[in-house]
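First the structure, in the form of structure tokens, and then the observations on it.
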Amino acid sequence: MCDEVDIEQDSLCGEPAQFDPTFRGPVKKRKCNDIICCFLFTAAILGYVLLGILAFCYGDPRHVLYPRNSTGWFCGIGPNKDRPNLFYFDILRCVPSVNVMPTTLNGFQCPITKVCVEKCPSSFWAVGKPSYLPTVKPASVFNQSLCVPSLHLENTTLTVKDIVDKELCPFFHMPTISVLGRCLPDVAALGKIPSAFSNIPGLPSVKLINSSTKDILKGFNARGVGIRILEDFVSSWRWILVGLLPAVVVSMLLLLLLRFPAPVRVRMAVILGALCPGVGGKCPPSESVSHNRIRLDFILCKAIQLNKWNKGGILQTGSITCPFRNKVLKVLSL
């Protein structure tokens, strides 16, 4: 090191700088851009905080987690606790290509009657022509569990035609499977449509049923991704907070490392980057083995049901069972 005594004699220290009263350094052209950006960044953060508070206070995640019937009641909770599945009277009308105008005017929502049911229908059925006679009792034609709750078939004075016209009960249904609480058509069973079923007036053709069902499953598959993401977030928010704490600590350490030379920062970043995955792999497996495995089996099972294509290019569903489905629903209702 150089001393003040021999500073002029030591060539390593160089010549001392002369005092210049007009020199202002790098602050000569500095303006208030940093302050403005700081205010904008703070305003954005406060906006996110306000949005989160409003969503927490006035939002309702049940609108995403649970299906709703035509009257606005949620399926699987409350009065419909024993009826977790949503049944559509005529799900083919949910396809815009089949029913463009009502679907568009209704905000791209399915403009049909929907009811909460305990089990999805698993067979082909339709109201035959003889059933429309005025002397036929509706209780002998319709299934009470598939009709709107306000209609009691044993006591009603309406005829079968009146019930069908008012959409109080479905006039036909196909084999369906429960996918995320919605009764969607079972594509694997569409090739077994009985001849009597396809010849009934008012029913869609077999070709229309097949094409519309594929469109429904494709759109529902895209929507199901967001639903599963929210379900995972709701069930794992505690672990997200637990992981947030070490993330904040590591971020502070990286900020402190900025005070050191570059080689020290690089070595510490490499060491921390190698340690973090190892520490993350040691997170409590007891919590994830029993809980996450059930959820993973459920999600994978439903994903395979929605995306399984055979060699002929036809989408097939219903060939895989989900034995853990009830356990998953119990977890989501906590």
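So for the sequence shown, the working numbering puts the first residue at 26; every next one is plus one.
All C-beta atoms, glycine included, are put in the ideal place defined by N, C-alpha and C.
Based on the DSSP output, what are the partners of residue 209 in its beta bridges?
-> Translated into positions along the sequence shown, residue 209 becomes position 184. According to DSSP, residue 209 bridges with 202.
Less than 8 angstroms separating the beta-carbons of residue 114 and residue 152?
-> Counting from one through the sequence shown, the residue named residue 114 turns up at place 89. Counting from one through the sequence shown, the residue named residue 152 turns up at place 127. Not in contact: residue 114 and residue 152 (Cβ atoms no closer than 8 angstroms).
Local Cβ density within 10 Å of residue 198, reported as buried at 16 or more and exposed below that = Position 173 of the sequence shown, counted from the first residue, corresponds to residue 198. Here residue 198 is buried, its C-beta having at least 16 other C-beta atoms within 10 Å.
Output the boundary residues of the beta strand (DSSP E) element that contains residue 139.
-> In the sequence shown, the residue the question calls residue 139 occupies position 114. Residues 139-142.
Under three-state DSSP, which class holds residue 284?
-> Translated into positions along the sequence shown, residue 284 becomes position 259. Residue 284: coil per DSSP, three-state reduction.
Taking the C-alpha atoms as reference points, what is the distance between residue 209 and residue 202?
-> Taking the first residue of the sequence shown as position 1, residue 209 is located at position 184. Taking the first residue of the sequence shown as position 1, residue 202 is located at position 177. If you take the alpha carbons of residue 209 and residue 202, they lie about 6 angstroms apart.
What are the residues that DSSP puts in a beta bridge with residue 12?
-> This structure gives no information on residue 12, because the portion of the chain shown stretches from 26 to 359.
Work out the CA separation of residue 75 and residue 137 for me, nearest whole Å.
-> Residue 137 sits at position 112 when you count from the first residue of the sequence shown. Residue 75 sits at position 50 when you count from the first residue of the sequence shown. Near 37 angstroms, if we compare the C-alpha coordinates of residue 75 and residue 137.
According to the neighbour-count rule (16 or more other Cβ atoms, all chains shown, within 10 Å of its Cβ), is residue 145 buried or exposed?
-> In the sequence shown, residue 145 corresponds to position 120, counting from 1. Here residue 145 is buried. Its C-beta has 16 or more other C-beta atoms within 10 Å.
Under the three-state reduction of DSSP, which class applies to residue 99: helix, strand or coil?
-> As a working note, residue 99 is residue 74 in the sequence shown. If DSSP states are grouped into helix, strand and coil, residue 99 belongs with the strands.
Residue range of the alpha helix (DSSP H) that residue 218 falls in?
-> Here residue 218 refers to the residue found at position 193 of the sequence shown. Counting along the chain, residue 218 falls outside any alpha helix (DSSP H), and DSSP gives it neither H nor E.
Helix, strand or coil at residue 6 [DSSP, three-state] | For the chain, the structure presents residues 26 to 359; residue 6 sits outside this window and is missing.
Is the CB-CB distance between residue 111 and residue 206 below 8 angstroms?
-> As a working mapping, residue 111 is identified with position 86 in the sequence shown. As a working mapping, residue 206 is identified with position 181 in the sequence shown. One thing to note: residue 111 has its Cβ within 8 angstroms of the Cβ of residue 206.
Ordered along the chain, which non-local residues of its own chain (more than five positions away) have a Cβ less than 6 angstroms from that of residue 194?
-> Indexing the sequence shown from 1 puts residue 194 at position 169. Shown here for residue 194: same chain residues with a beta carbon closer than 6 angstroms to its own, the five before and five after excluded, namely 167, 172, 188 in chain order.
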